Amino acid sequence: MKYSFIFLISAILIFSGCIEDNITTESNGTSLLNNTSSENPNIEVEADDSSESKNSSEIGSIPFKVLEFGIYGDSYKHYESNVKDDKTVIEVYMGKKLGSDNIIEINSIKLENGVLIVNVEEITPETISDRVIVYPYEIVEVNGIYNNVEFKVIE
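So in UniProt numbering, spot 22 of the sequence shown is number 22, and the numbers just go up one at a time.
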């Protein structure tokens, strides 16, 4: 009995270092759960710890939060951004597509020389899995006000 207790305590101490901490605390005391899994993109936050030490002429990653995504957005293709309160909302719409496997997603957002660069990936499969008409879209939110936003499509 005595040895099994020691073994249990040893196992807990050894395996406790294997758990990854995905919680980040911001300067205002807000805790964020970092989830960069493409399997569950409900909230995606990119963090660049060195962004504070960079000057405005260098490229810095900007964290963003996915507000909404799906397959029934606007019927025409367009990308837009607008300011709401103290945040910038970025919307990307793929337009009318045939097949539910069509996806549009924002891969990264970077700040370069005062310009917010949004990297957008449009995924269109070579074969059509079904005959459903969809309108893929994604809406994300960035802290801060950015009036100069450029979109780059990744192929």
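For every residue, glycine included, the Cβ atom is placed at its ideal position computed from N, Cα and C. Since the model is a prediction, treat every value here as computed from it, not as a measurement.
Does the segment 136-145 come within contact of the segment 91-104, defined as at least 3 CB pairs closer than 8 angstroms? yes
What do you get for Val-142, buried or exposed, if any count of 16 or more other CB atoms within 10 angstroms of its CB means buried? buried
Could you pull the start and end residues of the beta strand (DSSP E) that Thr-127 belongs to? Per DSSP, Thr-127 belongs to no beta strand (DSSP E) and is neither H nor E.
Measuring alpha carbon to alpha carbon, tell me which residue in Ile-106, Val-115, Val-132 is nearest Asn-147. Val-115
Using three-state DSSP, classify Ser-100 as helix, strand or coil. coil
Beta-carbon proximity list for Asp-74, same chain, < 8 angstroms, skipping 5 on both sides: Tyr-93, Gly-95, Tyr-135, Tyr-137
Could you tell me the alpha carbon to alpha carbon distance between Glu-120 and Glu-112, rounded to whole angstroms? According to the sequence shown, residue 120 is Val rather than Glu. When the Cα atoms are used, Val-120 and Glu-112 turn out to be separated by approximately 16 angstroms.
Nearest residue (CA-CA) to Val-132, options Glu-150, Lys-77, Asp-101: Asp-101
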